[in-house]
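Participant: Take the position in the sequence shown, starting the count at 1, then add 116; the result is the number in the numbering used here. Beta carbons are placed, not taken as given, at the ideal position from N, Cα and C, and that holds for glycine. I am attaching a structure below and will ask some questions about it afterwards.
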Amino acid sequence: MDRRSRRNRTGGAAPPVDTHPPESTLDPRSRCPFRGAGRPDRGVSTDHPAPQGQLPMSDHEPDLQCLLDWLAIDSTTGRERAFLERLEEDLGRRGLRCTRQAVSPGRWNLVAAPPANTKLLFSTHVDTVPPHFGPRRDGAATRARGACDTKGGLFAMLRAWHRLPEDLRRVTGFLLVVGEEVNHDGAIRAAELSFPDLRAILLCEPTRGRVALGQKGIVRLRLRATGVAGHSAFPEAGRSAVPPLLDALDALRRHPWPGDDTLGDTDVNIGVLTAGPAANIFAPEASAELLFRIVTPADEVLNTIRSLIPDGVVLDIVSTNDPMQLLPVPGEDTCIIPFNTDAPYLRHLAPVVLAGPGDIRSAHSPDEILTDRDLENGVEQYARIASWLLTRAERPAPQSRSGNSTAAGGREFS
């Protein structure tokens with residue numbers, strides 16, 4: 117049997133967060149990006165309001181010290197607040213209207229957008245994986261947690277925004293979310309926003325500057341088996357939970373999982389194994405946590421998994437994302453990404469283009485790095501893609517929304 121956890125939607129009114137300035141300073145004429153337009157949701161505050169019809173701007177691109185300051189702030193998942201407050205200052209002084217969308221107590225998504233008619237959003241996550249370590253310069257490169265995943269990419273986006281012509285800056289903003297490194301709770305909440313004029317989202321993840329054409333999906337699950345504890349010298353006195361679990365894992369490993377000409381192979385990783393308390397005791401319980409990176413619909417993969425596991429092994433589904441196609445950009449180098457991102461959730465707002473400076477293989481490591489050359493290439497690429505998205509004659513066709521995304525309350529690793 118299985119217990120399928122549904123997508124972790126935020127129920128009811130979101131918990132309030134600090135508001136500054138007071139509500140009386142909010143401009144009631146602003147086009148609020150929240151459904152039920154005309155007023156902010158509960159738990160949402162609008163900071164740094166900009167006058168209607170104009171966008172006062174800082175005349176200068178942020179310098180490298182700004183990035184180093186960002187990297188010095190610990191924003192590991194659950195501790196994003198200080199970084200968000202710094203971003204509100206940096207984006208607000210550029211005339212962008214900063215709006216908080218509450219996600220959980222003390223945590224919020226940040227929408228920094230023009231007063232009206234937002235057509236393009238630069239987007240990424242503000243959280244990083246632990247442990248935090250601050251920046252150090254290494255020749256023509258910066259090493260730090262978040263250097264490429266994804267504070268460096270966000271810095272490139274801000275510089276690119278400065279390089280857009282003023283008429284394009286007037287319709288371009290930022291959507292910055294929490295929680296991507298754990299369970300995507302920020303992106304799940306952000307999918308409830310509404311931007312009537314939005315043409316596309318330009319999403320940052322480190323792809324070595326290549327535009328992702330597609331993203332593998334995921335199926336994350338637990339397998340559980342139950343036995344009877346007893347002295348292992350007397351087989352009749354107990355029953356180990358381990359053999360049926362091993363049989364299930366062996367069947368899943370040996371199965372010829374399908375591949376895809378574009379997305380590649382299905383990958384299966386047995387990440388966590390837990391069993392009995394000692395070698396001389398029949399294990400009363402045994403469990404395993406697995407992550408499948410899939411190239412076919414999640415429901416098809418789950419049906420196959422159910423057919424392969426033996427009786428007595430319980431399947432718990434933690435989260436799923438179908439594989440998805442992403443918006444291509446003419447003239448850009450391309451790739452397929454095997455890792456998980458916020459794209460499956462954000463695509464419900466608008467088609468997603470995904471690209472970013474840096475190499476994902478250095479992310480999450482003690483050697484996370486972003487070179488100055490990759491950073492500048494990222495600035496130029498983001499400015500180029502943003503200009504193309506905003507000036508092309510037709511609105512990008514919506515990406516397929518037939519795939520499903522579910523997430524339980526547990527960790528969902530990228």
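According to DSSP, Arg252 sits in a beta bridge with which residue or residues?
Facilitator: Within the sequence shown, the letter at position 136 stands for residue 252. DSSP lists Arg259 as partners of Arg252.
Participant: Tell me whether Arg275 sits in a helix, a strand or coil according to DSSP, three-state version.
Facilitator: Translated into the one-based positions of the sequence shown, residue 275 becomes position 159. Here Arg275 sits in helix by DSSP.
Participant: Below 8 Å CB to CB, which residues in the same chain sit around Trp504 once its five sequence neighbours on both sides are set aside?
Facilitator: Position 388 of the sequence shown holds residue 504. Within the same chain, Trp504 has close Cβ partners Val445, Pro446.
Participant: My parser needs the beta strand (DSSP E) runs of 3 or more residues fully inside the stretch 400-480; what are they?
Facilitator: 401-410, 429-437, 450-453, 468-470, all fully within the stretch 400-480.
Participant: I need the DSSP call for Trp373, collapsed to helix, strand or coil.
Facilitator: One-based indexing of the sequence shown puts residue 373 at position 257. It is coil, neither helix nor strand.
Participant: Does chain D have any CB closer than 7 Å to the CB of Asp265?
Facilitator: In summary, chain D is missing from the structure at hand, where a single protein chain is found.
Participant: Measure from the alpha carbon of Asp301 to the alpha carbon of each residue in His176, Asp490, Leu365, Gln217, then state which is nearest.
Facilitator: Counting from one through the sequence shown, the residue named residue 301 turns up at place 185. Minimum Cα distance to Asp301 is reached at Gln217.
Participant: Quick one, which of Asp243, Gly222, Phe249, Pro281 has its alpha-carbon nearest Leu270's?
Facilitator: Locating residue 270 in the sequence shown gives position 154, where the first residue counts as 1. Out of Asp243, Gly222, Phe249, Pro281, Asp243 has the C-alpha closest to the C-alpha of Leu270.
Participant: Opposite Arg195 in the DSSP bridges: which residues?
Facilitator: Residue mapping note: residue 195 aligns to position 79 of the sequence shown, counting from 1. According to DSSP, Arg195 bridges with nothing at all.
Participant: Counting along the chain, where does the alpha helix (DSSP H) carrying Ile304 start and finish?
Facilitator: As a working note, residue 304 is residue 188 in the sequence shown. That run of the alpha helix (DSSP H) goes 301-306.
Participant: Is it a yes or a no for the stretch 446-462 touching the stretch 416-425, going by three-plus beta-carbon pairs under 8 Å?
Facilitator: They do not touch, by the three-pair rule.
Participant: Quick check on DSSP: helix, strand or coil for Val245?
Facilitator: Counted from its first residue, the sequence shown places residue 245 at position 129. Residue state, collapsed to three classes: coil.
Participant: What does a CB cutoff of less than 7 Å around Cys313 pick up in its chain, not counting 5 residues either side in sequence?
Facilitator: Walking along the sequence shown from the start, residue 313 turns up at place 197. The sequence given here places Asp at residue 313; Cys does not occur at that position. The answer, listed in chain order, is Asn233, Thr234, Lys235.
Participant: Quick check: the Cα distance between Ile410 and Gly333, rounded to an integer number of angstroms?
Facilitator: Sequence index remark: in the sequence shown, residue 410 carries index 294 (1-based). Sequence index remark: in the sequence shown, residue 333 carries index 217 (1-based). Approximately 5 Å between the Cα atoms of the pair.
Participant: Thinking C-alpha only, which one of Val335, Thr420, Ser348 is nearest Thr436?
Facilitator: As a first step, residue 436 is located in the sequence shown; it is residue number 320 there, counting from the start. Answer by Cα proximity: Val335.
Participant: Could you name the residues that DSSP lists as bridge partners for Ser380?
Facilitator: Reading the sequence shown from its first residue, position 264 is the one you call residue 380. For the sequence presented, residue 380 should be read as Gly rather than Ser. Within the DSSP bridge table, the entry for Gly380 names Asp376 as partners.
Participant: Can you give, in chain order, each stretch of the beta strand (DSSP E) that sits fully within the stretch 295-354 and has at least 3 residues?
Facilitator: 316-319, 327-331, 333-342
Participant: In angstroms with no decimal places, state the Cα-to-Cα distance between Glu448 and Val468.
Facilitator: As a first step, residue 448 is located in the sequence shown; it is residue number 332 there, counting from the start. As a first step, residue 468 is located in the sequence shown; it is residue number 352 there, counting from the start. Straight across, the Cα-Cα distance linking Glu448 with Val468 is about 15 Å.
Participant: Using the Cα positions of Pro230 and Leu207, report the straight-line distance between them to the nearest angstrom.
Facilitator: On the sequence shown, position 114 is the one that residue 230 refers to. On the sequence shown, position 91 is the one that residue 207 refers to. One C-alpha to the other measures close to 11 Å.
Participant: May I ask which residues mark the beginning and end of the alpha helix (DSSP H) holding Ile485?
Facilitator: On the sequence shown, position 369 is the one that residue 485 refers to. Here Ile485 belongs to no alpha helix (DSSP H); instead the beta strand (DSSP E) covers 485-487.
Participant: If you draw a straight line from the C-alpha of Leu462 to the C-alpha of Leu180, how long is it?
Facilitator: What you label residue 462 is simply residue 346 of the sequence shown in a count that begins at 1. What you label residue 180 is simply residue 64 of the sequence shown in a count that begins at 1. A direct Cα-Cα distance of roughly 29 Å separates Leu462 from Leu180.
Participant: Could you round the C-beta distance between Glu606 and Asp488 to whole angstroms and report it? I think they count as a contact, below 8 Å.
Facilitator: Because the chain spans 117 through 530 in this model, residue 606 falls outside it and cannot be assessed.
Participant: Where does the unbroken beta strand (DSSP E) through Leu292 begin, and where does it stop?
Facilitator: Counted from its first residue, the sequence shown places residue 292 at position 176. First-last of the beta strand (DSSP E) with Leu292: 288-293.
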